[in-house]
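> Going line by line, the protein sequences match chains A, B and C.
Just so you know, the first sequence maps onto residues 16 to 312 in the working numbering.
Just so you know, the second sequence maps onto residues 901 to 1174 in the working numbering.
Just so you know, the third sequence maps onto residues -11 to 306 in the working numbering.
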Amino acid sequence: MKKIENKKASQIRQIWALVRKSTFIKLGVSIMILFGIMAVFSPIWIHINPEVYDPIIGADPNVHGSVGPSLQHPLGTDDIGKDLFSQLLRGSQVAFMLGMMVSVFSTIIGAAIGLIAGYYGKIWDTLLMRLADIILTLPRLPLLIVISGIFGTQSNWIILLILSLTFWPIISRVIRAQTLSLRERPFIESARVSGVGNTRIIVKHLAPNVLPIAFYYLTVTVTGAILVEAGLSFLGFGDPSNMSWGMMLQWCFVKGYVFKAPYWMIPPGLCISLLAFSFYLIGVGLEEMVNPRLKKR
Amino acid sequence: MEMLNIEHLTKLFPLKKKLFSRDQQYVHAVDDISFKIEKGKILGLVGESGCGKTTTAKLLVRLLKPTSGKIYIGGEDIAGLKEENLKKFRKNIQMIFQDPYESLNPRLTIHSTIAEPLIAQGLYNLEKIHDALEVVGLKPPEGFLYRYPHELSGGQRQRVAIARALVIDPIFVVADEPTSMLDVSIRAGVLNLMLALRKSFDLTVLFVTHDLAVARYMCDDIAVMHNGKIVETGNAEEVIRNPKHSYTKALLSAVPIPDPRAKRERIRIRGKVV
Amino acid sequence: MDTVLEIKNLGMSYDTTEGSVSAVDNVSFRIMNGEAMGLVGESGCGKTSLGMCIMKLLPENAKITNGEIIFDGEDIVPKTEDEMRMIRWKGVSMIFQAAMNALNPVYKVGDQIIEAIVAHENIKKEEAREKVRELYKLVGLSPERMENYPHEYSGGMRQRAIIAMALACDPKFIIADEPTTALDVIVQDEIIDEIKNIQKKLNMIMMYISHDISVIAETCDKIGVMYAGNFIEYADTFALFDNPLHPYTKALMSSFPSIEGPKKELKPVPGEPPNLLNPPRGCRFYPRCSYAEEICRNERPEFIESESGHFLACHRVI
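Have a look at this one:
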């Protein structure tokens, strides 16, 4: 058994060696780590500072109207004296959590559905893929707006749920296509001849072979989820009990500070683009590793 | 006593329907074939690509469901069995595939690969895996158990595939061009191994190949297949020396001979417009 | 007879992430006017790499390390890519293995060959079309077929079209790299006959690369046997079959089943071909050879003429 562990360890080392070679992944991961530090730093920053720095309830009573960066407020404040730096930190936390969770959930759902549709085929394939088609054609933003109307209020959990349920079809289509071609491969046929059951074939033979691709799409989904959340918040459908980058932009816009306060407007915009970009870079790097045709020799 | 008895086996593949066309058209991949293999014998199924020999092989191990006909293995008809009822019979019949690079899952160790049929039948036993590896000449077995397919050469991989097929003591083995992807210097070793195993395990084998010379070397009997039908069957040596059917004659005359002096009458089928 | 192609001490290696692989090492032979030479060996023995060296169609990570390739009296190793472009097609042409991939699916086959001729020769399109008609007749295709697309051709017809294309600029030397591997026996037989006839008719020299010694036996006047990047035996076809000298050649011949003669037991060659990243120091066949002695392990055997016209690299036989 020890030998197996050694093999696993050496596999991980091999993957790490590949990752280290890819400039895209290195750059993407560096940016991501930066935001990760910001997200972790957010509660610490609030804890060590007085309540006026709380991104949601706090406001500096000594400040009148929006002011630019100062020693007390590194990025300045908004029009009612809330600290923008605190908001930015909290925003990275929200973006991170939401993006990650949406991508993990939708990848799990998408991979499972893709594998089932691809392997069993026939009626399963038709049903699941038509369902995917329907969901893909549903307009995501209006749907969210309608649902927030039904619930009366919007919370990040509903956004999470809706995004997970609307992002999986893209992944499941790719996984299904991959499964279809794998299903005809002799090693699957030989497993069937060996008497291996369907569930085991899916779990043991198909899933490990499609996972690298699923992982690549995971990074693409994170980008999508971050952008959609920002868009929703900007339109005023964010979670009002929380703070996100999109919401910062929305307040800036609503209060009419777009051209007056670049210190308010630019940081969240830049953060959204940078975080989305970092996942995109990781995705491109991963695709290079997964797709041998893109590999440079 | 015959181990395997095929009666009127047929497999049709539906063609894509043309728009507005009412009747469904079919490709007759295997067209009403019948043959028998006696216990302990090797039957060579010979033909060119697309003649239906691989489809026949897949029907016999029930990777495909026959359109009609009967497949008796040890007296039991398996042609109509449903997927759920096949598991018991999978213990008796195994298959060796053409391409050893493709037929082993790249992400499983040799141990997991060979263990698979045992686990499926609830018979897992490390001892058996050791024995199977030793029998196919991969010694010492410990040296191979935890390696991955890509760390082995083509010949070693095909030996692993043979070990997996034999580890649950099947009574009937279908070998689909098991050596056509191997290098010549390796090929003879695998062929000899299969002949030796046939003897020690008392196996009944259907050996699918396009190469008449290999079929002659390996098989007791030969069945020649052409366009989904069996056109000639008989004792291997007899078919090679004294072919009856014109297609067999054409096939034989096209086989290159490793002897520059072999001047032979060549018969061509110029059926296709060239 | 004149020597058309002479290869002297040719060496070629690939740079890989794990080190340098010497795929062709110390190869020397010559092909006389009108001769067909067969190159036989297992996959990975360097036979295709050798063909690519002569065409100078090498991948980026490969380079010719030493030796000369004298074609028509000139060494082509130092030639530039522009000079090579003229030599290819007009001088040396190649019939590739995968006929499927060599033709563009969206153009008519005839037009593709016409394009190739117009690009290399200073003639009008109509003349080129006439020439392709002639070529089609030569390779046994009906000239009407020029108007068809590749998918409308069968595998054998596609291979014939590829041969026509290779002959388009009247080459003096043609390299056929496993031209029939993907084909069925009957079609293979027809194509082999066709290639052999055309080669004799046009008086070209040919190098026929194959892993199948029986195909070589039917097509070629001379045979070169390659093992692990080395030329180990080179002789007239009849001489080689009557009297194979190298242990590997002998082993190769007794590992092939035949449909003729009495049924013989096949004798496999023990072991596996060596890893060329780290080939054996002496004779590269030494670890698998049943005649090996101490000298075989330590000293590389010279490739020398052991009998008239019969070249060999082995310590034991001489």
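We put the beta carbon where it would ideally sit given N, CA and C, even for glycine.
1. Is there a Cβ from chain B that is less than 8 Å from the Cβ of Pro223 (chain A)?
2. Using a Cβ cut-off of 9 Å, pull out every chain B residue sitting near Gly212 (chain A), in sequence order please.
3. Shorter than 8 Å from the beta carbon of Thr225 (chain C) to some beta carbon of chain B?
4. State yes or no: is the beta carbon of Arg207 (chain A) nearer than 8 Å to at least one beta carbon in chain B?
5. At a CB distance below 7 Å, what residues from the segment 184 to 205 of chain A approach chain B? Give them in sequence order.
6. Using 10 angstroms around the beta-carbon of Arg148 (chain C), count the other beta-carbons present and answer buried if the total reaches 16, otherwise exposed.
7. Please check if any C-beta of chain A sits within less than 8 Å of the C-beta of Gln925 (chain B).
8. Are the segment 73 to 85 of chain A and the segment 921 to 929 of chain B touching, with three or more C-beta to C-beta distances below 8 Å?
9. Which same chain residues end up closer than 6 Å to Ala222 (chain A) when comparing Cβ atoms and leaving out the 5 residues on each side of it in sequence?
10. Excluding the 5 residues flanking Ile105 (chain C) on each side, which residues of the same chain have their C-beta closer than 8 Å to its C-beta?
11. Does chain A have any CB closer than 8 Å to the CB of Lys991 (chain B)?
12. Which residues in the same chain as Tyr274 (chain C) place their Cβ atom closer than 7 Å to its Cβ, once the five residues preceding and following it in sequence are excluded?
13. Could you pull the DSSP bridge partners for Arg76 (chain C) from this structure?
14. Compare the Cα-Cα distances from Thr68 (chain C) to each of C:Met82, C:Ile83, C:Leu46, C:Leu91 and report the closest residue.
15. Could you check if Trp183 (chain A) is buried or exposed, using at least 16 other CB atoms within 10 Å of its CB as the buried criterion?
16. Would you check if the segment 216 to 232 of chain A and the segment 144 to 161 of chain A touch, i.e. whether three or more CB-CB distances between them fall below 8 Å?
17. Flag this pair as yes or no: are the beta carbons of Leu(-2) (chain C) and Arg18 (chain C) separated by less than 8 Å?
18. Does Thr214 (chain A) pass the burial test, meaning 16 or more other C-beta atoms within 10 Å, or should it be called exposed?
19. Terminal residues of the continuous alpha helix (DSSP H) containing Met1081 (chain B)?
20. Any contact of the segment 255 to 271 of chain C with the segment 178 to 187 of chain C, i.e. 3+ C-beta pairs under 8 Å?
21. Using beta-carbon positions only, say whether Tyr91 (chain A) and Val237 (chain A) come within less than 8 Å of one another.
22. Considering Cα atoms alone, identify which of C:Phe291, C:Cys208, C:Asn266, C:Ala170 is closest to Asn89 (chain C).
23. For His1110 (chain B), which residues in chain C fall below 9 Å Cβ to Cβ?
24. May I have the straight-line CA-CA distance separating Met82 (chain C) from Ala164 (chain C), to the nearest angstrom?
25. Would Asn1092 (chain B) pass as an interface residue toward chain A - the criterion being a Cβ-Cβ separation below 8 Å?
26. With DSSP as the reference, label Gly905 (chain B) as helix, strand or coil.
27. In chain C, which residues lie with their C-beta within 9 Å of the C-beta of Ala1075 (chain B)?
28. Just to make sure I have the definition right: I need the residues of chain C whose C-beta is within less than 8 Å of the C-beta of Pro966 (chain B). Which are they?
29. Could you tell me the alpha carbon to alpha carbon distance between Asp1159 (chain B) and Cys277 (chain C), rounded to whole angstroms?
30. When the Cα of Asn14 (chain C) is compared with those of C:Arg304, C:Arg73, C:Leu300, which residue comes out closest?
31. Have a look at B:Asp1069, B:Ala1150, B:Ala1136 and flag the residue whose alpha-carbon is nearest the alpha-carbon of Pro1126 (chain B).
32. What first and last residue would you give for the alpha helix (DSSP H) that runs through Ala147 (chain A)?
33. Run through DSSP, which three-state label would Gly7 (chain C) get?
34. Among C:Thr5, C:Leu228, C:Cys33, whose alpha-carbon lies nearest the alpha-carbon of Met25 (chain C)?
35. For the beta strand (DSSP E) holding Met214 (chain C), just list the boundary residues, first then last.
36. Can you list the residues of chain B that His62 (chain A) reaches, using a CB-CB cut of under 8 Å?
According to the structure data:
1. With respect to chain B, the C-beta atom of Pro223 (chain A) has a partner C-beta closer than 8 Å.
2. For Gly212 (chain A), the residues of chain B that pass the 9 Å Cβ criterion are Lys987, Ala1020, in the order they occur in the chain.
3. For Thr225 (chain C), a Cβ of chain B is located within less than 8 Å of the residue's own Cβ.
4. Judged by the 8 Å Cβ criterion, Arg207 (chain A) is in contact with chain B.
5. Correct list: Arg200, Pro201, Phe202, Glu204, Ser205.
6. By the neighbour-count criterion, in which 16 or more other beta carbons inside 10 Å mark a residue as buried, Arg148 (chain C) falls on the buried side.
7. Among the residues facing chain A, Gln925 (chain B) is not included, as its CB has no counterpart in that chain under 8 Å away.
8. No contact exists between the segment 73 to 85 of chain A and the segment 921 to 929 of chain B.
9. Residues of the same chain with their beta carbon placed closer than 6 Å to that of Ala222 (chain A) are lacking, with the five preceding and five following residues left out of the count.
10. Close CB contacts of Ile105 (chain C) within its chain, under the 8 Å cut and outside five residues either way in sequence, are with Ile111, Ala116, Lys119, Val120, Ala156, Cys157 (chain order).
11. Chain A contact via Cβ: present.
12. Excluding positions up to five away in sequence, the list reads Pro268, Ala280, Cys284, Arg285.
13. Bridge partners of Arg76 (chain C): C:Val80.
14. Per the Cα distances, C:Leu46.
15. With 16 or more Cβ atoms within 10 Å of its Cβ, Trp183 (chain A) is classed as buried.
16. With a cut-off of 8 Å, the segment 216 to 232 of chain A and the segment 144 to 161 of chain A do not count as touching, because too few Cβ pairs lie within range.
17. No, they are not a contact pair.
18. Looking at its Cβ environment, which holds fewer than 16 other Cβ atoms inside 10 Å, Thr214 (chain A) is exposed.
19. Run containing Met1081 (chain B): none; DSSP gives neither H nor E here.
20. No, because fewer than three Cβ pairs between the segment 255 to 271 of chain C and the segment 178 to 187 of chain C fall closer than 8 Å, the two stretches do not touch.
21. Note on identity: in this sequence residue 91 (chain A) is Gly, with Tyr being the wrong assignment. Their beta carbons are not under 8 Å apart, which means Gly91 (chain A) does not touch Val237 (chain A) by this criterion.
22. Residue C:Ala170 is the option with its Cα nearest to Asn89 (chain C).
23. Within 9 Å Cβ-Cβ: Asp172, Val173.
24. Approximately 6 Å, taken between the alpha carbons.
25. No - not a single Cβ of chain A is within 8 Å of the one on Asn1092 (chain B).
26. With the sequence shown as reference, residue 905 (chain B) is identified as Asn, and Gly is not the correct amino acid for it. Asn905 (chain B) falls in the strand class under three-state DSSP.
27. Near Ala1075 (chain B) there are no residues of chain C at all, since even the closest Cβ is about 15 Å away, more than 9 Å.
28. Annotation: Pro966 (chain B) has no Cβ neighbours in chain C at a cutoff of 8 Å; minimum Cβ distance is about 26 Å.
29. Their Cα atoms are separated by approximately 24 Å.
30. Checked all of C:Arg304, C:Arg73, C:Leu300; the closest Cα to Asn14 (chain C) is C:Leu300.
31. Per the sequence shown, residue 1126 (chain B) should be read as His rather than Pro. Taking the Cα of His1126 (chain B) as reference, the smallest distance to any Cα among B:Asp1069, B:Ala1150, B:Ala1136 is reached at B:Ala1150.
32. If you look at Ala147 (chain A), you'll find it in the alpha helix (DSSP H) that goes 137 to 152.
33. Correct three-state label for Gly7 (chain C): strand.
34. Minimum Cα-Cα distance from Met25 (chain C) among the listed residues C:Thr5, C:Leu228, C:Cys33 corresponds to C:Leu228.
35. Counted as a single uninterrupted DSSP element, the beta strand (DSSP E) harbouring Met214 (chain C) occupies residues 210 to 215.
36. Result: empty, since nearest Cβ-Cβ is about 46 Å, beyond 8 Å.
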